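Enquirer: Going letter by letter, the sequence shown gives residues 1 to 430 in UniProt numbering.
Where a beta carbon is used, it is the ideal one built from N, C-alpha and C, also for glycine.
This structure is a prediction, so every number in the text was calculated from the model and none was measured.
Encoded as structure tokens, here's the structure I'll be asking about.
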Amino acid sequence: MKTDLTDTTASKINKALVKARRAIGTPAVGMVLTLVIVTDEENAYDALKSANDASREHPSRTIVVIKRVSRSPRDRTKSRLDAEVRVGADAGTGETVVLRLYGEVADHAQSVVLPLLLPDAPVVVWWPVNAPLDPARDPLGALAQRRVTDSYAAEKPIDELRARADNYEPGDTDLAWTRITPWRSMLAAALDQVDCEVISAEVQGEQFNPSVELLAMWLADRLHVHVRRGVSAGPGLNEVRMLTSTGPIRLYRPAGGLALLTLEDQPDRAVALKRRETSELLAEELRRLDPDDTYASALRFGVDRLGGGLSGAAGTAAGSASAAGASTGAGGAGSVGAASVTSSGGAGDASASVAGSVPGSVPGSVPGSVSGSGPGLGAAVASAASAARAAAALPPAPSGTSAAAGSAGDGDSERPTPAQMPPVKKANSS
């Protein structure tokens, strides 16, 4: 059942909802949450379809907020609220209210939405596109316990991830993170089958894909190992390889919904890793309304390695090296957690070189470098490196090894050895 209301108010919309429920014979309210979708006219249909599919698992009142741009300056000064009320088969298993805001009222959407929220029920706000940089401080986001964004829909996904990390508040989440849940579960289960230590890892996926970046950051954060970010043709995430003390572990998914899991001394296994629809991702996020601490930890771990270039100052370059900035090898694969600082020459002569690139950067890009020499440069580099390590809260280098050993950005043949890596604990399955 559909009811159209023109130039209406929140009070009239509530009355229309009650009248519509009685008309279809369900006067009681049996919904578990309020889902607020903030979108534009172009993406409203797809977002609402995904929400209706998710409502089969989570019956909810869905409020779609569409801010319309008036055509003339005169119309922009006039406030108007149009609404469409849907119940029954037209609204999945809940209720749907589509709000179209014109004029000045579009800047005060929270005042319209607040009277329509279900009493004593959690509120989730979802931005399918054009999410604010700080969702928790957005007027609509401030009403919610859970705020869902999608970095994949952003014009610059890597910059979007950085903004998410800088402005993270408990309750924020990202559908780019939700997309890798099956991968994280499969990798954790694979590590549970063998008693080993992980030495290093590599993640392969298409360029500028936030899900690939998040998986690489999650592995580096949980395992405390060197993680290389490789670029493939896609689509999406293709492969994860881990080098362990008992042999390699490989999870490979070409195009399609099946992946191949390979463990040392065990037969290869075909596992299901399909690419899920948005409705499935949204339903997963609605299952838990508490803060996702694992997502927060992974997001913050890699923010200083995403999208940043090297400064021309020797101190900045040395700080990036000590903070284990991402580096690019000859094959175009970025690495998280590896850089180099070397010294040579006579007394007082030193040179510092840092190779770095953004994870997911263009293959074959030229590593940035900073070099210099002079009586006090060696001390300055060491001081800057120590300060950067403390600021980044990275684990200290093992005793007997330098803060950044070798030349980690020159290719696969010169990866850090197990002796150069910090102690590793086996990943837990969370």
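What residues in its chain sit with their C-beta under 8 Å from that of Arg-68, if we drop five residues either side in the sequence?
Expert: Here residue 68 refers to the residue found at position 68 when the sequence shown is read from its first residue. Within the same chain, Arg-68 has close Cβ partners Glu-41, Arg-100, Leu-101, Tyr-102, Ala-106.
Enquirer: Quick one: residues in its chain with C-beta nearer than 8 Å to the C-beta of Asp-277, no 5 flanking neighbours on either side, listed in chain order?
Expert: Taking the sequence shown and counting its residues from 1, one reaches residue 277 at position 277. The residue you asked about is not Asp; residue 277 is Glu in the sequence shown. For Glu-277, where only same-chain residues beyond five positions count, the Cβ hits under 8 Å are Ser-50, Asp-53.
Enquirer: Pairs of beta-carbons, one from the stretch 181-195 and one from the stretch 141-159, closer than 8 Å: are there three or more?
Expert: No, the stretch 181-195 does not touch the stretch 141-159.
Enquirer: Tell me the start and end of each unbroken alpha helix (DSSP H) in the stretch 73-155 that is at least 4 residues and wholly inside, in chain order.
Expert: Counting only runs of 4 or more, we get 73-76, 109-113.
Enquirer: Short of 6 Å in beta carbon distance, which residues of its chain neighbour Ser-79, apart from the five on each side in sequence? Order them along the chain.
Expert: By one-based count along the sequence shown, residue 79 stands at place 79. Only Gly-103, Glu-104, Val-105 meet the Cβ criterion.
Enquirer: With a 10 Å radius around its C-beta and 16 neighbouring C-beta atoms as the bar for buried, classify residue 431 as buried or exposed.
Expert: Given that the chain is displayed from residue 1 to residue 430, the structure contains no residue 431 and the question cannot be resolved.
Enquirer: Should Val-124 and Leu-219 be called a contact, given that it needs their Cβ atoms to be closer than 8 Å?
Expert: Along the sequence shown, one-based indexing puts residue 124 at 124. Along the sequence shown, one-based indexing puts residue 219 at 219. Contact flag unset, no.
Enquirer: Val-97 and Val-112 look like a contact to me (Cβ under 8 Å); what is the Cβ gap, rounded to whole Å?
Expert: Within the sequence shown, residue 97 is the residue found at index 97, counting from 1. Within the sequence shown, residue 112 is the residue found at index 112, counting from 1. The pair is not a contact, with the Cβ atoms about 10 Å apart (cut-off 8 Å).
Enquirer: Quick check: what's the CA-CA separation for Thr-39 versus Trp-126?
Expert: Translated into positions along the sequence shown, residue 39 becomes position 39. Translated into positions along the sequence shown, residue 126 becomes position 126. Going from the Cα of Thr-39 to the Cα of Trp-126 covers about 9 Å.
Enquirer: State the DSSP-derived secondary structure class of Arg-206, mapped to helix, strand or coil.
Expert: Counting from one through the sequence shown, the residue named residue 206 turns up at place 206. In the sequence under discussion, the amino acid at residue 206 is Glu, which differs from the Arg named in the question. Glu-206: coil per DSSP, three-state reduction.
Enquirer: Going by DSSP in three states, Glu-197 sits in which element: helix, strand or coil?
Expert: Numbered from its first residue, the sequence shown carries residue 197 at position 197. DSSP places Glu-197 in coil when its eight states are reduced to three.
Enquirer: In this structure, what does DSSP give as the bridge partners for Thr-34?
Expert: Looking up residue 34 in the sequence shown gives position 34. According to DSSP, Thr-34 bridges with Arg-61, Val-123.
Enquirer: Spatial neighbours of Ala-83 within its chain, please: C-beta separation below 7 Å, excluding the five flanking residues on both sides.
Expert: Start at 1 with the first residue of the sequence shown, and residue 83 comes out as number 83. Cβ within range, chain order: Leu-5, Thr-8, Ile-13, Val-97, Val-98, Leu-99.
Enquirer: Nearest chain C C-beta to Arg-287 closer than 8 Å, yes or no?
Expert: The structure shown contains no chain C, having only a single protein chain.
Enquirer: Could you tell me whether the Cβ atoms of Ala-283 and Glu-57 are closer together than 8 Å?
Expert: On the sequence shown, position 283 is the one that residue 283 refers to. On the sequence shown, position 57 is the one that residue 57 refers to. Taking 8 Å as the Cβ cut-off, Ala-283 and Glu-57 qualify as a contacting pair.
Enquirer: Do you know how far the Cα of Arg-229 is from the Cα of Phe-301?
Expert: Sequence index remark: in the sequence shown, residue 301 carries index 301 (1-based). Sequence index remark: in the sequence shown, residue 229 carries index 229 (1-based). Their Cα atoms are separated by approximately 15 Å.
Enquirer: Who are Ile-24's beta bridge partners in DSSP?
Expert: Along the sequence shown, one-based indexing puts residue 24 at 24. In the DSSP output, where bridge partners are listed per residue, Ile-24 has none listed.
Enquirer: Using the three-state DSSP reduction, which class does Ala-339 fall into: helix, strand or coil?
Expert: Along the sequence shown, read from residue 1 onward, the residue named residue 339 stands at position 339. Here the model assigns Ala-339 a pLDDT of 34, short of 50, so the residue's position is not dependable, and the following value carries that caveat. Note: Ala-339 maps to coil in three-state DSSP.
Enquirer: Can you tell me whether Leu-258 is buried or exposed? The criterion is at least 16 other CB atoms within 10 Å of its CB, across all chains shown.
Expert: One-based indexing of the sequence shown puts residue 258 at position 258. Leu-258 is exposed by the Cβ-count criterion.
Enquirer: Whole angstroms are fine: how far does the CA of Ala-165 sit from the CA of Asp-159?
Expert: Within the sequence shown, residue 159 is the residue found at index 159, counting from 1. Within the sequence shown, residue 165 is the residue found at index 165, counting from 1. Cα to Cα, Asp-159 sits roughly 10 Å from Ala-165.
Enquirer: Give the C-beta separation of Asn-238 and Gln-204 to the nearest angstrom, bearing in mind that I take them to be a contact with Cβ-Cβ under 8 Å.
Expert: Here residue 238 corresponds to residue number 238 of the sequence shown, with the count starting at 1. Here residue 204 corresponds to residue number 204 of the sequence shown, with the count starting at 1. At roughly 5 Å, the Cβ-Cβ gap stays under 8 Å, so Asn-238 and Gln-204 are in contact.
Enquirer: Below 8 Å on the Cβ atoms is my contact criterion, and I expect Ala-216 with Pro-235 to pass it. Report the Cβ-Cβ distance as a whole number of Å.
Expert: Working through the sequence shown from its first residue, we reach residue 216 at position 216. Working through the sequence shown from its first residue, we reach residue 235 at position 235. Wrong, their Cβ atoms sit about 17 Å apart, outside the cutoff.
Enquirer: Helix, strand or coil: how does DSSP classify Ile-180 here?
Expert: Position 180 of the sequence shown, counting from 1, holds the residue named residue 180. Note: Ile-180 maps to coil in three-state DSSP.
Enquirer: Going straight from the alpha carbon of Lys-19 to that of Leu-260, what length do you get?
Expert: Position 19 of the sequence shown, counting from 1, holds the residue named residue 19. Position 260 of the sequence shown, counting from 1, holds the residue named residue 260. For Lys-19 and Leu-260, the distance between alpha carbons rounds to 54 Å.
Enquirer: Would you say Asp-90 and Met-1 are within 8 Å of each other, going by their C-beta atoms?
Expert: As a position in the sequence shown, residue 90 is number 90, starting the count at 1. As a position in the sequence shown, residue 1 is number 1, starting the count at 1. Closer than 8 Å, so yes.
Enquirer: Out of Ala-142, Asp-268, Leu-251, Ser-211, state which residue places its alpha-carbon closest to the alpha-carbon of Leu-281.
Expert: Within the sequence shown, numbered from 1, the residue matching residue 281 stands at position 281. Answer by Cα proximity: Ser-211.
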